[in-house]
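These protein sequences, in sequence, are chains A and B. Counting from 1, one number per residue, gives the positions in the first sequence under my numbering. Counting from 1, one number per residue, gives the positions in the second sequence under my numbering. Glycine included, every Cβ here is placed at the ideal spot set by N, Cα and C. The structure presented is a predicted model; accordingly, all values stated were derived computationally and were not measured. Accompanying notes for the structure given below.
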Amino acid sequence: MYSFIKPRKKYSIDTFTYLWLGFTVIVAILLIVVGLYIDNKNNLFESDLKALKEKNLKVVQKQKEIKQKIKEYLKEERAGKSAYKINTSLKNGIKNLFSLVPNQIKINKLYLTKYKVDIYGETDSPKTYKLLLEPPLKSIFDKSKVGFTKKDENKYIFSSYNTIKRSEHEK
Amino acid sequence: MKNNFLIKNIMFLLLFLVVLVIFLVIYIIPELKEYKTKQAILKKSEKIYFKNIKSLKSLEKERDLTYKKYQKNIEKYNKNFDIENFKSYMKSILKDSTIEVTKEKDKLNIKATINDKEEIYTLLEKLNRYTNIVKVDFPFEYKNSKSNKNITFYVTICNKKLKNCLNK
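Take a look at the structure:
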């Protein structure tokens, strides 16, 4: 038998197999691409997370600094207030002390510490002191002691030592 | 012939499914799981970050308010202390009196000759108005002689550099 047409080439793999393999390879490539995309996203998340952590750390650090600053401000205010309180109470204390002294008594020296007031002065008689100055001093201080020495006929020198107890928290 | 074709088709389908399952199980699903975990962590971190930012802003506001409220003493505390300036200030208070300011360790000793007791009150009151925080320290001494009246006392300067007054 003789044929007038050329014989068709015979492939070891037919077209149908090619189609299946091609489809499988394309799907595999697509899956790899999707996988790479997700992987890339994951890496981006990681770098974002790292940057966010650094930013957060800075914010926390700044918070600490501000808290410290507020503490300092409050401390400084306390220092100012305490100084004002001490100065004012000393002024008022001295003012009150002088206001207690009657005309018959003359103050020569005052020695004030935080818990003690020593008053040195002159009086016409110990009785005057005991009548006019001792009662108010005794009402202010916890302890009040006095000693007299005669200077001349009508004058006595006195030394008065007055103390107040320390409050519990100051001990 | 037809049977052959069907068997071939089934085999290819199986091959395709095997490839698909292998890719999904080994590659895609773990990546997706990681994606979800990381996304959740990121969202949580973002939430914390924004919360911290909010708290930072309120702290900044609190700091500014505190400063505004206590500005006078804060400025006084942070101002450098100049002893010469203090001396001239003290002299300006007691114009007709003599005043001597000397440094003793971390305190200043003040000795003044005054004309009237009222000047003590003025002096102590004016100390509160000085540009630094000035705290009177004991002992305070007042002497009254025939010719004049003397006062001696100490002051502490509460200042950033000197760090006095605090914790006392």
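Between residue i and residue j, how many whole angstroms is the CB-CB distance? I'm expecting something under 8 angstroms.
| i | j | result |
| --- | --- | --- |
| residue 134 (chain B) | residue 127 (chain B) | 5 angstroms |
| residue 23 (chain B) | residue 51 (chain A) | Not really, about 32 angstroms apart at Cβ, beyond 8 angstroms. |
| residue 172 (chain B) | residue 66 (chain A) | The structure shown has nothing for residue 172 (chain B), since chain B only spans 1 to 168. |
| residue 79 (chain B) | residue 155 (chain B) | With 8 angstroms as the limit, residue 79 (chain B) and residue 155 (chain B) do not qualify as a contact, their Cβ atoms being about 16 angstroms apart. |
| residue 160 (chain B) | residue 77 (chain B) | 6 angstroms |
| residue 49 (chain A) | residue 32 (chain B) | Not really, about 18 angstroms apart at Cβ, beyond 8 angstroms. |
| residue 56 (chain A) | residue 49 (chain B) | 5 angstroms |
Within a Cβ cutoff of 8 angstroms, which residues of the same chain sit near residue i, ignoring the five residues on either side of it in sequence?
| i | result |
| --- | --- |
| residue 110 (chain A) | 94, 97, 117, 118, 119 and 120 |
| residue 20 (chain A) | none |
| residue 151 (chain A) | 122 and 157 |
| residue 74 (chain B) | 67 |
| residue 147 (chain B) | none |
Can you find the residues in the same chain that come closer than 6 angstroms, C-beta to C-beta, to residue i, ignoring five residues on each side of it along the sequence?
| i | result |
| --- | --- |
| residue 137 (chain A) | 144 and 162 |
| residue 10 (chain B) | none |
| residue 167 (chain B) | Only weak support is given to the placement of residue 167 (chain B): the predicted model assigns it a pLDDT of 47, under 50, and the value that follows is read from those uncertain coordinates. So the list is empty, once near-sequence residues are dropped. |
| residue 150 (chain B) | 113 and 143 |
| residue 45 (chain B) | none |
| residue 100 (chain A) | 136 |
| residue 113 (chain A) | none |
| residue 111 (chain B) | 100 and 152 |
| residue 98 (chain B) | 113 |
| residue 93 (chain B) | 123 and 126 |
| residue 102 (chain A) | 132 |
Does residue i pass the burial test, meaning 16 or more other C-beta atoms within 10 Å, or should it be called exposed?
| i | result |
| --- | --- |
| residue 137 (chain B) | buried |
| residue 130 (chain B) | buried |
| residue 22 (chain A) | exposed |
| residue 76 (chain A) | buried |
| residue 145 (chain B) | exposed |
| residue 147 (chain A) | exposed |
| residue 89 (chain A) | exposed |
| residue 37 (chain B) | exposed |
| residue 129 (chain A) | buried |
| residue 79 (chain A) | buried |
| residue 64 (chain A) | exposed |
| residue 54 (chain A) | exposed |
| residue 7 (chain A) | exposed |
Which residues does DSSP list as the beta-bridge partners of residue i?
| i | result |
| --- | --- |
| residue 144 (chain A) | A:162 |
| residue 110 (chain A) | A:119 and B:142 |
| residue 156 (chain A) | A:123 and A:150 |
| residue 108 (chain B) | B:103 and B:155 |
| residue 105 (chain A) | A:123 |
In chain order, what residues of the same chain have a beta carbon less than 7 angstroms from the beta carbon of residue i, not counting five sequence neighbours either side?
| i | result |
| --- | --- |
| residue 131 (chain A) | none |
| residue 126 (chain A) | 148 and 156 |
| residue 96 (chain B) | 115 |
| residue 60 (chain A) | none |
Continuous alpha helix (DSSP H) assignments of at least 4 residues falling wholly in the region 111–156 of chain B: 118–127
Contained beta strand (DSSP E) runs [length at least 3] in the region 32–99 of chain B, N- to C-terminal order: none
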